[in-house]
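Visitor: Dropping the structure in here first, questions after.
Residue numbers (UniProt numbering): 1 to 174.
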């Protein structure tokens, strides 16, 4: 009898703990960003990129995949987020960004720099192009390889004007 009550109590405590963790994660606005890193050839290359990215304040975790040449980054959107800083970290490590994928505003609602994500991005392409598993691909000189950038450069004004509704810096995606 005592064992059954103790087990129920432990089970209830576990449910409360799991519920608390889920709520905490949801309120922190954490999601993943994927960056294809060009030029990775060895584990020390991968480690140098990972170390640079880990230094960024809004980054919670980084997982490098050398086989895919990809960094999967856990981003805390409750902090000040700037994709340029993330791209610069890859360049500072001596590599370049082949593709930069951020969560699609249609898949998940999050804030970037205190504003809803819909006010942080401007769409410049076909909605079915480059949409991949709930992510959109950023367009810009430091968010894609040179060949792809030259294809899109005529659609991307330089310098980027602020978003009229907020005055904030914004990003293009396709």
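Where is the CB? At the ideal position from N, CA and C, for every residue including glycine.
Could you check how far apart the C-beta atoms of residue 63 and residue 135 are, in whole angstroms? I think they sit under 8 Å.
Guide: Contact doesn't hold; Cβ gap of about 16 Å is too wide.
Visitor: Check residue 148 in the structure and name its three-state DSSP category.
Guide: helix
Visitor: For residue 238 and residue 147, what's the separation of their Cα atoms in angstroms?
Guide: Look at the range of the chain in this structure, 1 to 174, and you will see that residue 238 is not part of it.
Visitor: First and last residue of the beta strand (DSSP E) that includes residue 138?
Guide: 135-139
Visitor: From the DSSP output, in three-state form, read off residue 61 for me.
Guide: strand
Visitor: Name the one or two DSSP bridge partners that residue 76 has.
Guide: 30
Visitor: Whole angstroms are fine: how far does the CA of residue 154 sit from the CA of residue 76?
Guide: Computed Cα separation, rounded: 33 Å.
Visitor: Would you identify the three-state DSSP class for residue 142, choosing helix, strand or coil?
Guide: Here residue 142 sits in coil by DSSP.
Visitor: For residue 118, does the three-state DSSP call read helix, strand or coil?
Guide: helix
Visitor: Could you compute how far the alpha carbon of residue 70 sits from the alpha carbon of residue 103?
Guide: 16 Å
Visitor: On the CB-based measure, 16 or more other CB atoms within 10 Å of its CB, does residue 107 come out buried or exposed?
Guide: Of the other Cβ atoms in all chains shown, fewer than 16 fall within 10 Å of the Cβ of residue 107; this residue is therefore exposed.
Visitor: So, under 8 Å CB-CB, residue 37 and residue 97 are touching, yes? Tell me the CB distance rounded to an integer number of Å.
Guide: With a Cβ gap of about 7 Å, residue 37 and residue 97 count as contacting.
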